[in-house]
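What the sequence shown shows, in this note's numbering, is residues 831 to 1129, in sequence order.
Every residue gets a Cβ at the ideal spot worked out from N, C-alpha and C, and that includes glycine.
Only a predicted model underlies this, so the values are computations on that prediction, with no experimental measurement involved.
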Amino acid sequence: MLEEVLEGLRGPQKSLPSKYFYDERGSRLFEQITRLKEYYPTRTEKAIMQQYMPEIAECIAGDSVLVELGSGSSKKIRLLLNHLTNIAAYVPVEISGKYLAEVVRTLKQDYPNLLIKPVCADYTKPFQFPPIQNPHTYYILFYPGSTIGNFRPCQAQQFLETISRILNPGGGMIIGVDLKKNKKIMEAAYNDKKGITAAFNKNILWHLNRELNADFNPVNFQHKAFYNQEEGRVEMHLISEKKHEVSVAGQTFFFEKGESIHTENSYKYTLDEFEKLVQPWFQLKKSGQMTIIIFRCNI
Ligand code: AVJ
């Protein structure tokens, strides 16, 4: 973490990896974001999943293993779990260990017959997969929430390639992607009136203070989010309100007034662009309005 953070702060455009939003408080703030009226992705995705659940369930072999990367509150997986009765195991992978433990505890109460194999890991790095009894089991990656939007397109492709190697032939993924739309709608989603997104953005600084002995004063930074048309992404920044210095693990970083730390990219795609992105490793299956991506072994 220290290396990644120092590297991000050293460049001419300071930046921080957006995965560090998600300590315990950050995960809770994100939960709040998903309930904001401005933040359309969560409720929209939920509605799509509910509407097309029979078709989705039909694509998934009964005894598959469901793997969720960045499982957070494990709320959306419940939709699948309620419709797939024979799941071999659920593997939630989550960077925030405390949050993961708490979520798994309630999930076990609600699904007493479900085998849950939680993994606390940063899934952008290689991590140990829990052993699953049957080598012929299908792996289904559940990757909702347009989280893939946090990767640059070339990183997203690398990620998809890695994933396709983990999934056994016949496995698949259920992935949520936010589509390009009216700029005003996208920008409002990242600039909510209650200031929850601003608090979420600044939380990364509290996280660094605690974890890396940094002395950021979040009051010295202002939340900024906008749609970058050329890049096709919503960017979040923290703007320094004044000239000042910050120390991180004994190293000093200088901020000019108005200087930004780039904290997040949230890429938006057209369906066409996204099809092209996954094409080398995943076969698309279209059904009605819904695009279901089915993985086929390309070897
Ligand atoms: C969880 C990465 C999909 O980019 O919309 C929400 C995170 N950032 N509001 C997104 C987020 C600001 C979210 N993702």
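Closer than 7 Å: residue i CB and nearest the ligand AVJ heavy atom
| i | result |
| --- | --- |
| P871 | yes |
| N980 | yes |
| I925 | no |
| I1123 | no |
| F1051 | no |
| G1062 | no |
| M1066 | yes |
| S796 | Within the shown structure, residues of the chain are numbered from 831 to 1129, placing residue 796 beyond reach of any answer. |
| E1094 | yes |
| G892 | no |
| F1056 | no |
| S976 | yes |
| F1030 | yes |
| Y850 | no |
| Y882 | no |
| Y969 | no |
Per-residue DSSP class, three states only, for residue i
| i | result |
| --- | --- |
| S848 | helix |
| I1129 | The pLDDT assigned to I1129 is 45, lower than 50, so where the model puts this residue is not dependable; a value taken from the coordinates is nonetheless given after this. I1129: coil per DSSP, three-state reduction. |
| V835 | helix |
| Q881 | helix |
| Q1119 | coil |
| T1100 | coil |
| A1044 | strand |
| P960 | coil |
| I996 | helix |
| Q862 | helix |
| K906 | helix |
| K1054 | strand |
Check whether residue i and residue j have beta carbons under 8 Å apart
| i | j | result |
| --- | --- | --- |
| A1055 | L832 | no |
| W1111 | S976 | no |
| F1094 | E1071 | Rather than Phe, the amino acid found at residue 1094 in this sequence is Glu. No; because the gap between Cβ atoms is not below 8 Å, this pair is not in contact. |
| G856 | F1030 | yes |
| V923 | S903 | no |
| D940 | G979 | no |
| K947 | K1010 | no |
| I970 | I863 | no |
| H1074 | K844 | no |
| L937 | A919 | no |
| T967 | D893 | yes |
| A1028 | E868 | no |
| P956 | G1006 | no |
| E1105 | L1114 | yes |
| K1023 | Y1057 | no |
| H1053 | S1090 | no |
| query | Any chance the region 887-901 sits against the region 1033-1048, with 3 or more Cβ pairs inside 8 Å? | reply | Because the criterion of three Cβ pairs below 8 Å is not met, the region 887-901 and the region 1033-1048 do not touch.
| request: Kindly confirm or deny that the region 978-995 and the region 872-890 touch, where touching means at least three C-beta pairs closer than 8 Å. | output: The region 978-995 is not in contact with the region 872-890.
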